[in-house]
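Heads up, the thing below is written out as structure tokens.
Protein chains: 2
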Amino acid sequence: MGPAPRILELFYDVLSPYSWLGFEVLCRYQHLWNIKLQLRPALIAGIMKDSGNQPPAMVPRKGQYMFKEIPLLKQFFQVPLNIPKDFFGESVKKGSVNALRFLTAVSMEQPEMLEKVSRELWMRVWSRDEDISEYQSILAAAVKAGMSTAQAHHFLEKISTQQVKNKLRENTDAACNYGAFGLPTTVAHVDGKTYMLFGSDRLELLAYLLGEKWMGPVPPTLNARL
Amino acid sequence: MGPAPRILELFYDVLSPYSWLGFEVLCRYQHLWNIKLQLRPALIAGIMKDSGNQPPAMVPRKGQYMFKEIPLLKQFFQVPLNIPKDFFGESVKKGSVNALRFLTAVSMEQPEMLEKVSRELWMRVWSRDEDISEYQSILAAAVKAGMSTAQAHHFLEKISTQQVKNKLRENTDAACNYGAFGLPTTVAHVDGKTYMLFGSDRLELLAYLLGEKWMGPVPPTLNARL
Chain P
-2 MGPAPRILEL
8 FYDVLSPYSW
18 LGFEVLCRYQ
28 HLWNIKLQLR
38 PALIAGIMKD
48 SGNQPPAMVP
58 RKGQYMFKEI
68 PLLKQFFQVP
78 LNIPKDFFGE
88 SVKKGSVNAL
98 RFLTAVSMEQ
108 PEMLEKVSRE
118 LWMRVWSRDE
128 DISEYQSILA
138 AAVKAGMSTA
148 QAHHFLEKIS
158 TQQVKNKLRE
168 NTDAACNYGA
178 FGLPTTVAHV
188 DGKTYMLFGS
198 DRLELLAYLL
208 GEKWMGPVPP
218 TLNARL
Chain D
-2 MGPAPRILEL
8 FYDVLSPYSW
18 LGFEVLCRYQ
28 HLWNIKLQLR
38 PALIAGIMKD
48 SGNQPPAMVP
58 RKGQYMFKEI
68 PLLKQFFQVP
78 LNIPKDFFGE
88 SVKKGSVNAL
98 RFLTAVSMEQ
108 PEMLEKVSRE
118 LWMRVWSRDE
128 DISEYQSILA
138 AAVKAGMSTA
148 QAHHFLEKIS
158 TQQVKNKLRE
168 NTDAACNYGA
178 FGLPTTVAHV
188 DGKTYMLFGS
198 DRLELLAYLL
208 GEKWMGPVPP
218 TLNARL
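Residue numbers (this note's numbering), protein chains in the order written: chain P, -2 to 223; chain D, -2 to 223.
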């Protein structure tokens, strides 16, 4: 029996494109590294507010940079990102509370579905420029991820329960307590130490901390499998 | 004869620790990739002001993160970073204008010395917590980099000339025109296209754009040579 896998907590919001990049890379490496990935949906709006941080696009040149960089990152990470037409207007205004509460409900009862449902929500907002705030939109993503309509309805009903609301708040608070000021935030537990890493661009550093091999955002073993 | 080397412009300020990381990685890869590295000292304070951006530490949690991350980056990048005792007080207040004007003067007359002198200035402020604003401090860095005292005095005299001031302003403006909102900013000219990349964490993406091999921040060939 080898050493126990190291726990990695990934805090993410489906409204955040960089969260998607971090998510896909860690989902790939979870099959290659000795890690146990814990997906923790958390509200980016709550983290920004709590930390006093602002979205990058509040500085116009950062926003312009982000929009130029995303098409490059799409190729490099092999994640089908497309910038929504009115992201900082419509998408941000609508927010991601319902989508994240849905994911939270899924994580509590059917955690094995969390990866796929999260991905389908990103596919909606950050690939096909579709809504993720309406119940019908979330239902469609869940069904696309392989859930039955009945199951999806069950989780939609859970959205408004105090239990689910509290759990999402708990995740968001946990990220803040680790010092998060944005998402994705990865927390690695290695040899009794805790490392918090911010962004989708610290994953090579994460590999270094874990003593695992970094093979780029699209590790070759996975490439061969595609 | 192989294809012509691609031009890489690196805008940096010796007050910026992330600039140092980007600088060392590109200085290493300039011997391994088909690139021509152009070092362009630029004033981070000017870029922040012009873009409306703020230093990371203005958000307290970002500052805390930075201070926790730097010791990890130090190991990972093999760059001897040590956080100055009162960086955001004394070091930032003193600024880097004299140091950057000195580097600019060097770049105009003795560009082959620019890499070494830049490194020695970083060694002062970001490794040994020493001043870089006084003439004596700059002189010491230059001499340590291999310059004669007479040469160093010559460049110190140039600091106050309009020609040097203009050239530094030109570099800073050039970075802003490329869309910079912080440093390091790397501008890659590849197949008639121009890519601006921000930060010391986009160098693997840079390798991808160049079609060159990324071997981490400390490429093995270099490791073997040390």
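A virtual CB, placed ideally from N, CA and C, is assigned to each residue, including glycine.
In this text the structure is predicted, and so the values were computed from the model without any measurement.
#1: Looking at the C-beta of P:SER48, does it have a partner C-beta in chain D at a distance below 9 Å?
#2: Could you please give the first and the last residue of the uninterrupted beta strand (DSSP E) stretch that includes D:GLN35?
#3: From the DSSP output, in three-state form, read off P:VAL187 for me.
#4: Per DSSP, what are the beta-bridge partners of D:PHE195 in this structure?
#5: In angstroms with no decimal places, state the Cα-to-Cα distance between P:LEU203 and P:PHE195.
#6: For D:PHE73, return the contacting residues in chain P, with the cut-off set at a CB-CB distance below 9 Å.
#7: Using only the heavy atoms of the ligand FMN, determine whether one of them is closer than 8 Å to the beta carbon of P:VAL103.
#8: So, for D:ALA225: in the same chain, excluding its five sequence neighbours on each side, which residues have a beta-carbon less than 7 Å away from its beta-carbon?
#9: Could you tell me the alpha carbon to alpha carbon distance between P:GLU21 and P:LEU70, rounded to whole angstroms?
#10: Taking C-beta pairs closer than 8 Å, name the residues in chain D that P:PHE178 reaches, listed in chain order.
#11: In its own chain, which residues sit with a C-beta less than 6 Å from the C-beta of D:ILE32, not counting the 5 before and 5 after it?
#12: Ends of the beta strand (DSSP E) at D:ARG4?
#13: Can you round the beta-carbon distance between D:MET55 and D:GLY179 to whole angstroms, since I take them to be within the 8 Å contact cut?
#14: Going by Cα to Cα distance, which pick from P:GLN27, P:THR183, P:LYS91 is closest to P:ARG37?
#15: Would you say D:TYR15 faces chain P, with C-beta separation under 9 Å as the test?
#16: Closer than 7 Å by C-beta to P:PRO14: which residues in its own chain qualify, once you throw out the five before and the five after it? Chain order, please.
#17: Grouping DSSP H, G and I as helix and E and B as strand, with all else coil, what is P:GLN148?
#18: Should D:SER130 and D:LYS91 be called a contact, given that it needs their Cβ atoms to be closer than 9 Å?
#19: Suppose you measure from the CA of P:VAL215 to the CA of D:LYS210; what does that come to, to the nearest Å?
#20: Quick check: is the beta carbon of D:TRP211 nearer than 9 Å to any beta carbon in chain P?
#21: Over what stretch of residues does the alpha helix (DSSP H) that includes P:LYS46 continue unbroken?
#22: Kindly indicate if chain D contains any beta-carbon less than 9 Å away from that of P:LEU223.
Once the coordinates are examined:
#1: yes
#2: 32 to 38
#3: strand
#4: D:THR182
#5: 10 Å
#6: GLU201, LEU202, TYR205, LEU206
#7: This structure lacks the ligand FMN, and indeed carries no ligand of any kind.
#8: An answer regarding residue 225 of chain D cannot be provided, because it is not within the stretch -2 to 223 covered by chain D.
#9: 12 Å
#10: VAL56, ARG58, LYS59, TYR62
#11: PRO2, ARG3, LEU5
#12: Checking the sequence, you will find Ile at residue 4 of chain D rather than Arg. Start and end: 3 to 9.
#13: About 12 Å; that fails the 8 Å criterion.
#14: P:THR183
#15: no
#16: ILE67, LEU78, TRP123
#17: helix
#18: yes
#19: 14 Å
#20: yes
#21: 41 to 48
#22: Only weak support exists for where P:LEU223 lies, its pLDDT of 47 falling under 50; the value from the coordinates is given anyway. No, because no Cβ of chain D sits closer than 9 Å to the Cβ of P:LEU223.
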